[in-house]
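Going by the numbering used here, the first residue of the sequence shown is number 1080, and it counts up by one from there.
The beta-carbon is built from N, C-alpha and C at its ideal position, and this holds for glycine as well.
Since the model is a prediction, treat every value here as computed from it, not as a measurement.
I have placed the structure first, in the form of structure tokens, so that the comments after it can refer back to it.
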Amino acid sequence: MDTKGTSSEVPFFVSEACCKDPENKLLELVRRSPLWQSGTTVLAACSGGADSLALTDAMLDAGALDRVDILVAHVQHHLRGDEAERDAQLVEAYCKEQGAAFVRLDINPKALAEGAGLSLEDAARRLRYEALEGCRQRVGASAIFTAHHLDDQAETVLLNLLRGAGTRGFRGMLPVKGYVARPLLSATRQDTEAYCRARHLAYCTDSTNDDTALRRNWVRKVLLPLLREQNPRIAIQLAQSAAVAAWDEECLGELATAYTQDHQKRTPEGFVLDTGTDFLALPLAVSTRILRQLVEDAGGSEMRFDQVQQLYQLILRGIGGKSLDVPGKVRVTYRQGRLTARKNTIARSKERAAKYQKKEQQRKCMKISKEY
């Protein structure tokens, strides 16, 4: 597929029509992805569940039609004992039956969670994507395809709202982000399960999905059913709202970037942003994005709403020499109509040491098997 003129940040339109032919629907969604290119190799991330197995199967069919080579990658998290090993064996057996290339990637999220102070979910997600990306680079694949679908999107939007997200969080997951493609965001969980039934595919179920102590499971098992009582179409409407938010975010982001290109420069003192009359004349939706981008350019993390407000107030008050420390150990200083953002020099050496320790921890945590 030719991706010229296609923005990788904008989701496909989410259709409300239910496709009676799930096999054809998933096949066409795969072939429609901007990262699906003839003559390339792509990874199919397959856990062994209905969603990822349906995606993998559809990708193998589409690959035969479009001359795309598929490497099926299974990440073994070692969190569910024999059940996790059963999943790995099921995916490997499926690939052997289909004559598909298979690779197993072993990770240790427990060690990372303990060493880096992360939740087990966050550690597992981080190591999973690192393992998949490492595999992609080693085999020269052009993309990683994952099986996130419309119901996952609805859950993600609600989770982001619960933690207090803005437009960026309300857009949920993007169909393409970097090398990761999510072609099934307009398909439902029912679609993937129907696909598996139609193709007689045996799939695994994750027993931890019933644990409502985990927030995503609580959203899926408790919150969404309550919302469906008031609005049976809540999942698709959340997904459609996420698509609109993504379009808006892309537009506002481009406006912010255009200003930054003309009014921000990098100097030995840090990233310097002109916050004079032109900046103050901008809509807040644009100017606050510029402030977020300034901090991220300097190596900082995403700021909270109140921190963005404080930074904007720094400009309005115009007190020279006033500084604010923001996430990611970045210090922002206002002086003579300009904001300068740079890494806090005191924290910089500590951060380097922490990064080294983190890399060493991850190296010990991740053991990736050889491709075959």
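Rounding to the nearest angstrom, what Cα-Cα distance links Arg1371 and Leu1359 in this structure? The alpha-carbon atoms of Arg1371 and Leu1359 are separated by roughly 15 Å.
What did DSSP end up calling Leu1282 once you bin it into helix, strand or coil? First, the residue type needs correcting, since residue 1282 is Tyr and not Leu in the sequence shown. Here Tyr1282 sits in coil by DSSP.
Could you tell me the alpha carbon to alpha carbon distance between Lys1099 and Gly1257, rounded to whole angstroms? Approximately 32 Å between the Cα atoms of the pair.
Could you tell me which whole beta strand (DSSP E) segments of length 3 or greater appear in the stretch 1172 to 1260? Listed in chain order, they are 1180 to 1186 and 1222 to 1224.
Measure the C-alpha to C-alpha separation of Gln1269 and Gly1118 and round it to an integer number of angstroms. Rounded to the nearest angstrom, the two C-alpha atoms are 32 Å apart.
Quick check on Leu1370: does DSSP put it in helix, strand or coil? Helix at Leu1370.
If we count Cβ pairs, one from each stretch, closer than 8 Å, do we get three or more for the stretch 1289 to 1299 versus the stretch 1131 to 1147? Counting C-beta pairs with one atom in each stretch, the stretch 1289 to 1299 and the stretch 1131 to 1147 have fewer than three that are closer than 8 Å, which means they do not touch.
6 Å Cβ shell around Arg1410 - same chain, five flanking residues per side excluded: Apart from the 5 residues on each side of it in sequence, Arg1410 sits with its Cβ closer than 6 Å to the Cβ of Ser1402, Asp1404 and Asn1423 in its chain, given in chain order.
DSSP state of Val1454 mapped onto helix, strand, coil: Residue 1454 lies beyond the stretch modelled for the chain, which goes from 1080 to 1451, so this question has no answer here.
Please report how far the alpha carbon of Ala1281 lies from the alpha carbon of Leu1334, in whole angstroms. C-alpha separation (whole angstroms): 48 Å.
Give me, in chain order, the residues of the same chain whose beta-carbon lies closer than 8 Å to that of Leu1199; leave out the 5 immediate sequence neighbours on both sides. Excluding sequence neighbours, Leu1199 sits near Leu1158, Pro1188, Lys1189 and Ala1192.
Close beta carbons around Arg1250, own chain, < 6 Å, minus the five adjacent residues each side: Result list for Arg1250: Ala1321, Ala1324, Ala1325 and Glu1328, in chain order.
Does Lys1099 come out as helix, strand or coil in the three-state DSSP assignment? Residue state, collapsed to three classes: coil.
For Thr1291, report the span of its beta strand (DSSP E) as first-last. Run containing Thr1291: none; DSSP gives neither H nor E here.
Going by DSSP in three states, Gly1400 sits in which element: helix, strand or coil? Coil.
Under 8 Å by Cβ, that's how I've got Arg1207 and Val1154 pegged, so tell me the actual separation to the nearest angstrom. Arg1207 to Val1154, Cβ: 5 Å. Contact.
Would DSSP call Val1411 helix, strand or coil? In this structure, Val1411 counts as strand in the three-state DSSP scheme.
Let's see if you can read the secondary structure: which residues bound the alpha helix (DSSP H) around Arg1276? Run containing Arg1276: Arg1268 to Ala1277, per the alpha helix (DSSP H) assignment.
Would you call the stretch 1260 to 1269 in contact with the stretch 1350 to 1357, where contact means no fewer than 3 C-beta pairs closer than 8 Å? With the cut-off at 8 Å, the stretch 1260 to 1269 and the stretch 1350 to 1357 do not touch.
Please state whether the Cβ-Cβ distance between Thr1225 and Ala1124 is less than 7 Å. In contact: Thr1225 and Ala1124 (Cβ atoms closer than 7 Å).
Beta bridge counterpart(s) of Ile1149 as assigned by DSSP: Note: Ile1149 sits in a beta bridge opposite Val1121.
Buried or exposed for Ser1126, going by 16 or more other Cβ atoms inside 10 Å? By the 10 Å Cβ count, Ser1126 comes out buried.
Measuring CB to CB, does Gln1383 end up less than 7 Å from Leu1331? Looking at the sequence provided, one finds Arg at residue 1383 rather than Gln. Not a contact, by the Cβ cut-off of 7 Å.
With DSSP run on the structure shown, which of helix, strand or coil describes Gln1343? Three-state result, Gln1343: strand.
Since Leu1106 and Leu1150 are thought to touch, with beta carbons under 8 Å apart, how far apart are those beta carbons, to the nearest angstrom? A Cβ-Cβ separation of about 19 Å leaves Leu1106 out of contact with Leu1150 under the 8 Å criterion.
State the DSSP-derived secondary structure class of Lys1446, mapped to helix, strand or coil. Unreliable placement is indicated for Lys1446, whose pLDDT of 49 sits below 50; the coordinate value is still reported in the next sentence. Strand at Lys1446.
Just to check my reading of the structure: Leu1211 and Ala1129 have Cβ atoms closer than 8 Å, yes? What is that Cβ distance to the nearest angstrom? Not confirmed; about 20 Å, so no contact.
Collapsed DSSP secondary structure at Leu1418 in the structure displayed: It is a strand residue.
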